[in-house]
Amino acid sequence: MLRPPCKLLMLMLLALLAACAPAAPAATGALPAVVADGVALRAGGRAFEMRGVNYIHPSNAEPRCQSLYFGGNAECPWQLAPVEADLDQLQRRGVNTIRVFLNYYVFGGASAADASYSIEYALVNFEQLLQAANQRGIYVMPVLLAKYPQDRFRAEDIAPAFALHVDPVVARFAGRSGIIAWDLFNEIDLGGPVDERCWDWDNGAYAGCLPLAEQRLAFIRALYGQVKQLDPARLVTASVGFAKSYFRPEQAAIRLADVVDLYSLHYYDDEPRNSGRYAAHWYYGQGFPADLQRAVEELHALGLEKPVLVTELGFPTGEGARRSEADLQRDLRAAREELRGLRVAGLLLWPFQPEYKRIPGDLFVE
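Letter by letter, the sequence shown follows residues 6 to 371 of the working numbering.
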């Protein structure tokens, strides 16, 4: 990932590429806006179920290019053709939505270290992906502030984050068809990068987690207001690692459920086991599917009548994992059936299995 301070040569190259980049091809037909209707979604007057994957990199990406940099990493140059090939595969498998991460530094943040940095090249490349997806009937959910510094949620950090990243990105695509929703931040509730005791910001056993949660909640509330001002008709969410983070900590002055248009939760059972948060804090310790069911039911029980999305769900397979390939397909199908029964408006898979033939497989083929 591109981190400041950026090398001057790379910045000059990106600026040159931005100046020479061809305009993205025109969309052949605008996708209807997706809107909330109680706990459901609708598009073009019809019921809409979000079905898809997190698109984190092209399936043919080299090991050193395991993120979608949109041209912001000289070792991982932007190429649209592999993306289009993946989109063709996903379209055939019934996918109607992909979720992509917009790196804070690539999409403007690098200019804090060097004012000559240009966001334009990344914006053009994202627009190419957006149009390629839309031409195949696939919506895009961009995640803002990916890789944003985890210690910069103070009040004085808000304006720079908006000016460098949020404003230029959202303003560029405000009113643009084919974006299903803005995801303000990925797993804002997981404070582990700052303090492992706050992987779950509702960890009442450590007094430092509540101030961390309140600082982040204030940041998200300001971010929600800014994005809605720039793109008022668009749905906005903020994805969480734990569904309960929408209404906890109970002592917090701001409730996350009140500053989103729809809920977006993640679920990973108790794997992978290489992250400290899973052993002690993954939901309620009842396993799959009971924890997933309880997480969704608690959101509906808030009574706010907002759609619930599961925007990351996946199960590792292969060496060291407890699930076989057959177990994976069984549990993915069980998860989708469970979520449909719980009135969940959509599901996006996390691709632990990088080949898009295996994920989503035939889960969404109808």
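Ideal Cβ positions, reconstructed from N, Cα and C, are used throughout, including at glycine.
Here the alpha carbons of Lys362 and Arg328 stand approximately 18 Å from one another. Of the other Cβ atoms in all chains shown, 16 or more fall within 10 Å of the Cβ of Pro365; this residue is therefore buried.
Contact check for Pro254 and Asp207: beta-carbon distance about 5 Å, within the 8 Å limit, so the pair qualifies. Looking only at Asp162, Gly99, Val174, the smallest Cα-Cα distance to Tyr144 is reached by Gly99. In this structure, Phe158 lies away from Phe252, with their beta-carbon atoms at least 8 Å apart. Taking a cut-off of 8 Å on C-beta distances, the segment 226–242 touches the segment 188–204, as three or more cross pairs fall below it.
Every beta strand (DSSP E) stretch that sits fully inside the segment 33–63 and reaches 3 residues is listed by chain position as 39–42, 45–48, 51–53, 55–59. Ranked by Cα distance from Phe357, the first of Glu330, Leu347, Arg338, Arg348 is Glu330. Taking 8 Å as the cut-off, the Cβ atoms of Ile193 and Arg221 count as close.
DSSP, read as helix, strand or coil, puts Ala243 in strand.
Annotation for Val111: Leu7, Tyr74, Phe75, Gly77, Ala127 place their beta carbon closer than 7 Å to its own, counting only its chain and skipping 5 residues before and after. For the 8 Å CB-CB criterion, Glu343 and Leu297 form a contact. Between the alpha carbons of Glu80 and Asn65 lies a gap of roughly 14 Å. Scanning Glu219, Arg335, Leu347 for the CA closest to the CA of Leu368 turns up Arg335.
Annotated three-state conformation of Tyr122 is coil, per DSSP.
For Glu89, the closest C-alpha among the options Arg47, Ala45, Gln140 is that of Gln140. In the displayed model, Ser116 falls within a helix according to three-state DSSP.
Short of 7 Å from the beta carbon of Arg56, and not among the five residues preceding or following it, lie these beta carbons of its own chain, in chain order: Gly99, Val100, Asn101, Thr102, Gly351, Leu352, Phe369. Counting only runs of at least 3 residues, the segment 292–336 fully encloses the following beta strand (DSSP E) elements, listed from N- to C-terminal order: 313–318. For a cut-off of 8 Å, the C-beta gap from Val44 to Lys311 is around 7 Å, short enough to register as a contact. Distance from Val265 to Val301 at the Cβ level is roughly 15 Å; contact not present, criterion being Cβ atoms closer than 8 Å. In summary, Ser121 is exposed, with fewer than 16 beta-carbon neighbours lying within 10 Å of its beta-carbon over all protein chains present. Val313 and Ser182 have their C-alpha atoms some 22 Å from each other. Sixteen is the threshold: when 16 or more other Cβ atoms of the shown chains lie within 10 Å of the Cβ of Gln136, as they do, the residue is buried. When the five nearest sequence neighbours on each side are left out, the beta carbons in the same chain lying within less than 7 Å of the beta carbon of Asp156 are those of Val199, in order along the chain. The three-state secondary structure of Asn108, taken from DSSP, is strand. Per the coordinates, the alpha-carbon of Trp83 lies some 11 Å from the alpha-carbon of Cys70. The C-alpha of Tyr109 lies about 15 Å from the C-alpha of Val232. Residue environment analysis places Gly114 among the buried positions, since at least 16 neighbouring C-beta atoms fall within 10 angstroms of its C-beta. According to the DSSP assignment, Gly351 belongs to the beta strand (DSSP E) that extends over 351–354.
Taken through DSSP and simplified to helix, strand or coil, Ala210 comes out as coil. Per DSSP, Leu92 is not a residue of any beta strand (DSSP E); the alpha helix (DSSP H) it occupies stretches across 85–97.
Secondary structure at Ser182: coil, using DSSP grouped into helix, strand and coil. In the displayed model, Tyr289 falls within coil according to three-state DSSP, outside both helix and strand. Secondary structure note for Pro147: its beta strand (DSSP E) is the uninterrupted segment 144–151.
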